[in-house]
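Chains as they are written, first to last, in my numbering: chain A, 263 to 530; chain B, 263 to 530. Where a beta carbon is used, it is the ideal one built from N, C-alpha and C, also for glycine. The structure under discussion appears below in the form of structure tokens.
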């Protein structure tokens, strides 16, 4: 799925919700804890329950890697289970020298055929470039993240601007709004108007709504552009909305609530 | 293996060589290209051939992930094949918000019991902290990398210093020289004296000697401290020293040459 198809999906679903599959084996409902394939069963039920309310799924690779070989295999099956009407993101935050980034691009665009992968910018152009060489694939580069540590480097003054502003401005010159998106945390809504001055056309992947405390209303007010331009991610707030046997119903309700609120902002 | 044991190994081996297992299936010698377990057979032979000349092995996770499930399995077996007399590094360049970084720490310190993992600093303290909470494990944080893209952000002026200097100074305050090391590219030898002013006691993992053009002599002259304080990585220059059936012998010769040169610098 490419950007144009994503924009169409947002219009028809009236949602810009991305559901984050940060599935932690220790947080599965009790009846799935000892299931031999518990994580996949959980993901499958969450996808079935939420797919009508969201346009994207984000797989946080860390949670799968922590399970070792079995986790990698579950990640693969989960990706293939996601309907191809949805935009798939590997939240992997990779980035290395050119020949190594090329291997990561191969991993997340070919071996595991995601539509997009998150990329760390610290090492500069040759670390990002290999992700931009695939047609109809997207690199989502870290701009300003939702965590407290964003203050340590991202928000530091670098010449006449903050580091994250330099990152947005510099990285956006390496590609187009078709093959580049940026991560901007929902807890940083105050910076969103400014961010839209630097990158008016790019999609923003916005984590931090829900468990991390960001406001969907503020993000929509300051971050939306003519294409919508937002993918708001909720992970824990959706997938762990319930903790009993009715977890999928609870997840559906949580996703539907986000979708209804998003529909209001899309109509404005 | 912890830092103290690494220092002892460097003394007894008279080497501070780390061999990088960036094993690319397309670069295997012809007779291994169609071997059902070619990458592992190659790694096994390289380890057997080089272990007397180096003190560490670095597994570049990208090359294994690109092979999917099979690659993850080969990475696991390769790690377990490395003798426990050697310091093992997952070159994974991970980093995310706290609860996700905790999963990455679990991946590379427990699920795959490496001694150390490389970590990207962009997202700040809570993205690094989970890696510092393990006893006898080491986070190797990106400082100044060996690639051209280092100029884009790492070398940019941030207040009174360059970004990578701020990273070294700030990150070093989060841990000790026992649980923190830094990546400094060999192509940046001119900056090494300055780096030693900021972090006199920390080990530096130095890639970029060999294929990327860095000089072992310069790195040793400007980067060594009382503990040696250097792990110089060579990947392609060792593992692809030969391309025929004698690849292991060629790798041994390349590693032995590095070791002999290193012994001279250690005696100074």
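Buried versus exposed, by CB contacts within 10 Å (16 or more), residue i
{"i": "residue 291 of chain B", "result": "buried"}
{"i": "residue 365 of chain B", "result": "buried"}
{"i": "residue 526 of chain B", "result": "exposed"}
{"i": "residue 422 of chain A", "result": "exposed"}
{"i": "residue 464 of chain B", "result": "buried"}
{"i": "residue 356 of chain A", "result": "buried"}
{"i": "residue 435 of chain A", "result": "exposed"}
{"i": "residue 347 of chain B", "result": "exposed"}
{"i": "residue 367 of chain A", "result": "buried"}
{"i": "residue 408 of chain A", "result": "buried"}
{"i": "residue 508 of chain B", "result": "exposed"}
{"i": "residue 277 of chain A", "result": "buried"}
{"i": "residue 424 of chain A", "result": "buried"}
{"i": "residue 416 of chain B", "result": "buried"}
{"i": "residue 398 of chain A", "result": "exposed"}
{"i": "residue 284 of chain B", "result": "buried"}
{"i": "residue 469 of chain A", "result": "buried"}
{"i": "residue 475 of chain A", "result": "exposed"}
CA-to-CA distance, residue j to residue i, given in whole angstroms
{"i": "residue 231 of chain B", "j": "residue 318 of chain B", "result": "Since the displayed chain B opens at 263 and closes at 530, residue 231 of chain B lies outside it and no answer follows."}
{"i": "residue 380 of chain B", "j": "residue 445 of chain B", "result": "8 Å"}
{"i": "residue 443 of chain B", "j": "residue 263 of chain B", "result": "14 Å"}
{"i": "residue 432 of chain B", "j": "residue 487 of chain B", "result": "21 Å"}
{"i": "residue 453 of chain B", "j": "residue 428 of chain A", "result": "23 Å"}
{"i": "residue 325 of chain B", "j": "residue 514 of chain B", "result": "22 Å"}
{"i": "residue 438 of chain B", "j": "residue 332 of chain A", "result": "34 Å"}
{"i": "residue 502 of chain A", "j": "residue 518 of chain A", "result": "14 Å"}
{"i": "residue 426 of chain A", "j": "residue 354 of chain B", "result": "23 Å"}
{"i": "residue 449 of chain A", "j": "residue 412 of chain A", "result": "11 Å"}
{"i": "residue 394 of chain B", "j": "residue 377 of chain B", "result": "12 Å"}
{"i": "residue 306 of chain B", "j": "residue 500 of chain A", "result": "45 Å"}
{"i": "residue 498 of chain A", "j": "residue 338 of chain B", "result": "30 Å"}
{"i": "residue 496 of chain B", "j": "residue 386 of chain A", "result": "22 Å"}
{"i": "residue 330 of chain A", "j": "residue 459 of chain A", "result": "42 Å"}
{"i": "residue 520 of chain B", "j": "residue 298 of chain A", "result": "49 Å"}
{"i": "residue 316 of chain B", "j": "residue 275 of chain B", "result": "7 Å"}
{"i": "residue 375 of chain A", "j": "residue 286 of chain B", "result": "20 Å"}
{"i": "residue 328 of chain B", "j": "residue 485 of chain A", "result": "35 Å"}
{"i": "residue 522 of chain B", "j": "residue 406 of chain A", "result": "46 Å"}
{"i": "residue 528 of chain B", "j": "residue 490 of chain B", "result": "7 Å"}
{"i": "residue 373 of chain A", "j": "residue 282 of chain A", "result": "21 Å"}
{"i": "residue 288 of chain B", "j": "residue 295 of chain B", "result": "7 Å"}
{"i": "residue 483 of chain A", "j": "residue 404 of chain B", "result": "36 Å"}
{"i": "residue 352 of chain A", "j": "residue 323 of chain A", "result": "7 Å"}
{"i": "residue 396 of chain A", "j": "residue 370 of chain A", "result": "11 Å"}
{"i": "residue 524 of chain B", "j": "residue 273 of chain B", "result": "11 Å"}
{"i": "residue 267 of chain A", "j": "residue 349 of chain A", "result": "9 Å"}
{"i": "residue 390 of chain A", "j": "residue 345 of chain B", "result": "35 Å"}
Nearest-angstrom beta carbon gap, residue j and residue i [assumed within contact, 8 Å]
{"i": "residue 383 of chain B", "j": "residue 363 of chain B", "result": "Not confirmed; about 11 Å, so no contact."}
{"i": "residue 301 of chain A", "j": "residue 336 of chain A", "result": "5 Å"}
{"i": "residue 430 of chain B", "j": "residue 280 of chain B", "result": "Not confirmed; about 20 Å, so no contact."}
{"i": "residue 480 of chain B", "j": "residue 516 of chain B", "result": "Not really, about 19 Å apart at Cβ, beyond 8 Å."}
{"i": "residue 265 of chain A", "j": "residue 440 of chain A", "result": "5 Å"}
{"i": "residue 343 of chain A", "j": "residue 309 of chain A", "result": "6 Å"}
{"i": "residue 388 of chain A", "j": "residue 512 of chain B", "result": "About 28 Å; that fails the 8 Å criterion."}
{"i": "residue 510 of chain B", "j": "residue 311 of chain B", "result": "4 Å"}
Fill in: Runs of beta strand (DSSP E) lying entirely within the region 383 to 437 of chain B, each at least 3 residues, in chain order
Within the region 383 to 437 of chain B, the complete beta strand (DSSP E) segments of 3 residues or longer fall at 400 to 406, listed in chain order.
Worksheet item: Which residues, in order along the region 284 to 315 of chain A, keep a beta-carbon less than 9 Å from a beta-carbon of chain B?
Response: Identification of residues in the region 284 to 315 of chain A having a C-beta nearer than 9 Å to some C-beta of chain B yields 284 and 286, given in sequence order.
Worksheet entry | beta strand (DSSP E) segments (min. 3 residues) lying fully within the region 297 to 344 of chain A | Entirely contained in the region 297 to 344 of chain A, the beta strand (DSSP E) runs reaching 3 residues are, in chain order, 318 to 322.
Item to complete: Can you give me, in chain order, the residues of the region 427 to 454 of chain B that have a beta carbon less than 8 Å from any beta carbon in chain A?
Response: So the list reads 428, 429 and 432, given in the order they occur along the chain.
Discussion item. Output needed in chain order: residues of the region 388 to 404 of chain B with a Cβ under 9 Å from some Cβ in chain A.
Written reply: Closer than 9 Å at the C-beta level to chain A, one finds these residues of the region 388 to 404 of chain B: 388, 389, 390, 391 and 404.
Worksheet item: What residues in the region 408 to 427 of chain A have a beta carbon less than 8 Å from any beta carbon of chain B?
Response: Those would be 408, 409, 410, 411, 412, 413, 414, 415, 416, 418, 419, 420, 421 and 425, in chain order.
Item to complete: Please specify which runs of the alpha helix (DSSP H), each continuous and at least 4 residues long, are wholly inside the region 343 to 370 of chain A, giving them in chain order.
Response: Within the region 343 to 370 of chain A, the complete alpha helix (DSSP H) runs of at least 4 residues are 360 to 368.
Fill in: Every unbroken beta strand (DSSP E) within the region 445 to 505 of chain A, with a cutoff of 3 residues, ordered by chain
The qualifying runs are 466 to 468 and 492 to 496.
Practice prompt. Please list the residues of the region 377 to 388 of chain A that have a C-beta atom closer than 8 Å to any C-beta atom in chain B, keeping them in chain order.
Written response: Listed by position along the chain: 382, 383, 384, 385, 386, 387 and 388.
Discussion item. So if I threshold CB-CB distances at 8 Å, which residues from the region 320 to 332 of chain A count as touching chain B?
Written reply: Those residues of the region 320 to 332 of chain A that come within reach of chain B (Cβ to Cβ, closer than 8 Å) are 322, 324, 325, 327, 328, 329, 330 and 331.
Worksheet item: Listed from N- to C-terminal order along the chain, which residues in the region 486 to 508 of chain B have their beta-carbon within a distance smaller than 8 Å of any beta-carbon of chain A?
Response: Residues of the region 486 to 508 of chain B with a C-beta less than 8 Å from any C-beta of chain A: none at all.
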